[in-house]
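In the working numbering, the protein residues as written are 689 to 841.
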C-alpha cells in the first residue's frame, strides 16, 4: 500500500470523526478478544502465491472506512477506498476503486475475528453483474484463507 495515502486517510478519519466511546467498551471489535481504541487503524494482509491483498480499516462506532487493495501477479491490480458499517463483527462496505482506467464500485463483506479478517464469497451476481451476498450474516460463506493483522505503515 502507499504509506502516505494510508496515513492521510487515517489522520482525516481520526480528526474528523471523534469517538465518544472509550477503549474497552462493549463495541470493541472482537467482542472482548482484542480491545482497541475505536478510531485506531488496523491493517491486514493476505498472500496467496504471488498475489497480495491488503486491507486497512478505521472503525468509529459502527462506521468503517479504509483502503483495500488487490495486487495480482502479472494481472491488473486495483486499490481503492471502502466505506461501510460493522455489525456483530461483519463489515459490509462499498469498495470504490479504479481498474484499467475505469472507476467502479462494488460491495464487499468481511468478518473480523481477532487478528484475522475473512473475506465473504458472493452467492452470485445481481441483475447488473455486481457480486451479491446473502443478507443473513449467519448464511455468509468465507474464503478459507484469512487476512492476517500486520503493523500499519
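Ideal Cβ placement from N, Cα and C applies to all residues, glycine included.
Neighbour flag for residue i against chain B, beta carbons, 8 Å
i, result
"residue 774", "Judged by its chain identifiers, the structure shown contains no chain B, having just a single protein chain."
Simplified DSSP assignment, three categories, for residue i
i, result
"residue 763", "coil"
"residue 825", "helix"
"residue 742", "strand"
"residue 819", "strand"
"residue 811", "coil"
"residue 793", "strand"
"residue 728", "coil"
"residue 778", "strand"
"residue 691", "Reliability of the predicted coordinates at residue 691 is poor, the pLDDT of 47 falling under 50, and no value is obtained from them."
"residue 752", "strand"
"residue 839", "coil"
"residue 832", "coil"
"residue 733", "strand"
Member of the options whose CA lies at the smallest distance from the CA of residue i
i, options, result
"residue 809", "738, 838, 823", "823"
"residue 830", "779, 837, 817", "779"
"residue 799", "766, 838, 827", "827"
"residue 782", "761, 819, 804, 801", "819"
"residue 832", "812, 801, 815", "801"
"residue 744", "763, 738, 757, 812", "757"
"residue 737", "760, 764, 815, 755", "760"
DSSP beta-bridge partners of residue i
i, result
"residue 773", "751, 780"
"residue 757", "742, 767"
Rounded Cβ spacing between residue i and residue j (contact assumed at less than 8 Å)
i, j, result
"residue 746", "residue 774", "About 11 Å; that fails the 8 Å criterion."
"residue 768", "residue 784", "5 Å"
"residue 796", "residue 770", "6 Å"
"residue 836", "residue 730", "The Cβ separation is near 11 Å, so there is no contact."
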